[in-house]
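Step one of this worksheet: look at the structure below.
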Amino acid sequence: MFINKEIAQLIILQRIDLSGFFLQKLRKLLGRRFFTSIASKYIISPKTVGKKYIATMNKEYENISKFLNFDGEEILSIGSGLCGLELIINENHSVKKFTIIEKNYISKKVVYGWDNSNSEAYNNLELVKLFLKNNGMDENRFEVFDFDKNTLPTNNFDAIISLYSLDYHYDFTFYLEYFKKVFKKDTKIIFDTIRPEYFENLFDKVEIIDTKEKTVHRSKRIICEGLILKNDN
Ligand SMILES: C[S@@+](CC[C@H](N)C(=O)[O-])C[C@H]1O[C@@H](n2cnc3c(N)ncnc32)[C@H](O)[C@@H]1O
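According to this note's numbering, the sequence shown is numbered sequentially starting from -6.
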């Protein structure tokens, strides 16, 4: 698999649990700023990080592929990180296209909390493209959009995936108006949240598909369908 130091650093910032016991202890001892700029970059082996990342993404794939079809579908990925999950979906299905919306900077000090202003980010879109292309994803199979700078595409998506991003670190409402433009009647969305019941007013169907106890916040993974297009939503 193609991976380099910069990509491995991003993976560690996006998936703190992959950094291992030693780095997590260092983060506690020396602080988040040190962890974000130094430790995550220099005290890691890209090869080991890459292996652990793909193993983790394989597990995510096993989990969500019970609920989504992927074949021939338009998939929207929000906050997809390096897109290891999209690589695995692509290997197993003939997806029509992946549309990826992410942010294009690394916060000085990553906190991993609930971010009211949605200013925290840890990605580099050029590295996402490099990672996808060099690991076998055809260039015309995906398109990457910068949430802060680009006009977002208004295709009708079949499925939307946002793992540990939308409503895990920042409020779902950042995307609500956009979703009203891109949801079809049968579009399905999967994401992680600590407040599954809140979504019963927004969607016709809400189902809990997993419970996460060991992540940064205890959360539920939910699948929702039938966005209710009331004006007061
Ligand atoms: C905890 S990481 C999860 C990454 C990936 N989904 C995974 O499971 O490995 C959260 C990601 O959300 C991204 N992000 C933050 N705000 C965003 C927004 N408004 N739109 C899209 N992505 C966002 C961050 O840059 C970061 O890559």
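Backbone N, C-alpha and C fix where the C-beta goes; we use that ideal spot for every residue, glycine too.
Residue from the options with nearest C-alpha to residue i
i     : options                   : result
K90   : D64, K59 and Y98          : D64
I57   : Q7, F184 and V121         : F184
I182  : A152, Y171 and D197       : A152
G219  : K213, I202, R211 and L195 : L195
F140  : K213, K18, S12 and L159   : L159
K177  : N62, G106 and T147        : T147
N127  : L75, W107 and K96         : L75
A48   : K59, D10, I68 and N149    : D10
I94   : I68, S100 and I37         : I68
K45   : G24, H162, S12 and K59    : S12
F(-5) : K52, S87 and K40          : K40
G72   : M130, L61, D197 and K96   : K96
E170  : I202, K122, T186 and I221 : I221
N51   : I187, L78, K34 and V199   : L78
T204  : H162, H86, Y157 and K173  : Y157
E53   : K18, I202, I99 and R188   : I202
K142  : F172, Y98, H162 and I154  : Y98
G106  : I187, E84 and L120        : I187
I37   : K21, E66 and K(-2)        : K(-2)
S112  : L123, N62 and Y163        : Y163
S100  : S30, K21, K198 and E132   : S30
E84   : N109, F60 and D131        : D131
S70   : D197, V121 and D108       : V121
E200  : F60, H86 and L16          : F60
G129  : N109, I82 and D197        : I82
R20   : K198, H86 and V104        : V104
L123  : F165, L80 and I154        : L80
Residue i: CB within 7 Å of a non-hydrogen atom of ligand 1
i    : result
K96  : yes
Y54  : no
R211 : no
Y163 : yes
I47  : no
I221 : no
R26  : no
N109 : no
S158 : yes
Y191 : no
G43  : no
I37  : no
F167 : yes
S73  : yes
A1   : no
N143 : no
Q17  : no
F150 : no
F140 : yes
R8   : yes
N116 : yes
Whole-number beta carbon distance between residue j and residue i, since they are thought to touch under 8 Å
i    : j    : result
F255 : L125 : Residue 255 cannot be examined here, being either before or after the span of the chain that is shown, -6 to 226.
K102 : R26  : 5 Å
F150 : V175 : 5 Å
P231 : I216 : Missing from the structure shown is residue 231; the chain here goes from -6 to 226 and no further.
E66  : V88  : 6 Å
S212 : Y161 : 6 Å
Cβ contact (3+ pairs, closer than 8 Å) linking the stretch -2 to 7 and the stretch 116 to 128: Under the Cβ criterion (8 Å, minimum of three pairs), the stretch -2 to 7 counts as touching the stretch 116 to 128.
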